[in-house]
Amino acid sequence: MTAPEEALGSFEAKWTGVHPELALALRFLPEPGKARERSFALIGFELEDAAFRIVEDHVAGAKLHWWAEELVRAQAGKPRHPLTAALVPQAGEPAAAWDAVIAGAVAVREAQPAASVAALLEGYQVLYAPLADVEAALFPGVAAPAAGEAASLSRALRQAADLAGTLQRGHLPLPLDLLARHQLQRGQLSEPSPARAAALRDLLRQLVGRMKAVPLDGLSLARVAVLAADTARARRAARATDPAAALRADSARVTPGTAWKLWRSARRRG
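Using my numbering, you'd call the opening residue of the sequence shown number 9 and step up by one each time.
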């Protein structure tokens with residue numbers, strides 16, 4: 009195995025570790041274009057990591073700065089990283105598209121608490137809408153609005169599943185109207201309680217409603233896999249006594265229903 013292949017394997021292992029359903033999606037991707045689709049998804053995952061997971065601002069800033077420079081080099085045909093090397097710029101790709109993605113990643117780190125579920129998702133769209141624009145330019149058949157909506161919904165679910173970590177990183181995973189409705193303070197979200205469970209159920213039901221409305225035909229197979237798996241997880245957690253614990257326990261589960269949706273989507277695309 010060459011050094012670039014080893015590097016790609018390392019990134020892919022980290023990606024599928026967070027989204028186990030993606031290991032299944034990779035099996036359905038046709039070989040022509042598979043490397044490009046995987047590379048795009050892995051770059052998006054690395055930018056998400058800087059936007060949402062890294063606690064220290066200077067570390068996240070350095071990572072985003074590096075990727076910004078690397079993406080400029082890739083646009084000029086001089087990539088240094090094995091992921092960007094697989095993304096040959098497309099004629100329809102907006103020149104400043106990646107700049108908007110990097111700016112969105114910076115902006116979500118500085119986001120204030122959202123007033124409602126709609127506002128929460130709009131806040132995530134600051135990153136995911138420009139990322140979806142790039143995806144649609146690179147891959148014909150992808151609808152940017154559907155891709156951005158699917159990614160934002162999955163992010164909302166993951167922020168809720170990792171309540172303690174999300175709070176530690178300075179983000180509020182539930183909107184203020186749900187906290188007020190269930191008489192919760194921000195500091196009370198770290199510990200299980202009937203009020204926290206009820207607030208999470210409200211959030212999950214709203215997310216499921218929007219997830220079901222996303223047209224799968226406008227999504228890449230990777231996004232179909234994540235959306236299908238996350239919809240099933242959100243439904244199950246909404247029925248649980250402790251939704252947060254249910255989401256954590258369910259994070260590695262990929263159901264036959266998810267596999268079925270993925271297979272049907274792949275078959276329709278030939």
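Beta carbons: idealized from backbone N, C-alpha and C, even for Gly.
Self-check item: Closest Cα partner of Ala155 within the set Arg218, Gln193, Ala93
Solution: Arg218
Quiz item: According to the Cβ coordinates, are Ala76 and Ile110 closer than 8 Å?
Solution: yes
Quiz item: Which stretch, first to last residue, makes up the alpha helix (DSSP H) that contains Phe48?
Solution: Bounds of the alpha helix (DSSP H) holding Phe48 are 42-56.
Practice problem: Spatial neighbours of Ala242 within its chain, please: CB distance less than 6 Å, with the 5 preceding and 5 following residues excluded, ordered by chain position. | Solution: Leu165, Leu212, Leu215, Val216
Quiz item: Is it a yes or a no for the region 225-234 touching the region 19-37, going by three-plus beta-carbon pairs under 8 Å?
Solution: These segments touch.
Practice problem: Give the DSSP-derived three-state secondary structure of Met9 in the structure shown. | Solution: Low local confidence applies: a pLDDT of 48 at Met9 is under 50, so the model's placement there is unreliable, with the coordinate-based value given in what follows. Coil, per DSSP.
Exercise. Helix, strand or coil for Glu157, going by three-state DSSP, please let me know.
Key: helix
Quiz item: When you compare only the Cα positions, how much space is there between Arg138 and Ala169?
Solution: Strictly speaking, residue 138 in this sequence is Pro, with Arg absent from that position. Answer to the nearest angstrom: the Cα atoms are 25 Å apart.
Quiz item: Got a sec? Which residues, its chain only, sit under 7 Å from Ala254 by beta carbon, not counting five neighbours each side?
Solution: Arg244, Ala245, Ala248
Quiz item: Cα-Cα, which of Ala205, Lys22, Leu37 is closest to Arg275?
Solution: Leu37
Quiz prompt | Sequence-distant residues of the same chain with beta carbon closer than 8 Å to Ser198, five excluded per side | solution = Leu171, Ala172, Leu175
Self-check item: Short Cβ contact (8 Å threshold) for Pro311 with Leu184
Solution: As shown, the chain starts at 9 and ends at 278. That puts residue 311 outside it, with no answer to give.
Quiz item: DSSP three-state call for Trp23: helix, strand or coil?
Solution: Trp23 sits in a helix when the DSSP states are folded into three classes.
Quiz prompt | Assumed close pair Arg46, Leu34 - CB separation to whole angstroms, cut-off 8 Å | solution = 7 Å
Practice problem: Measure from the alpha carbon of Ala145 to the alpha carbon of each residue in Gly226, Phe53, Ala240, Ala236, then state which is nearest. | Solution: Nearest to Ala145 by C-alpha distance, out of Gly226, Phe53, Ala240, Ala236, is Gly226.
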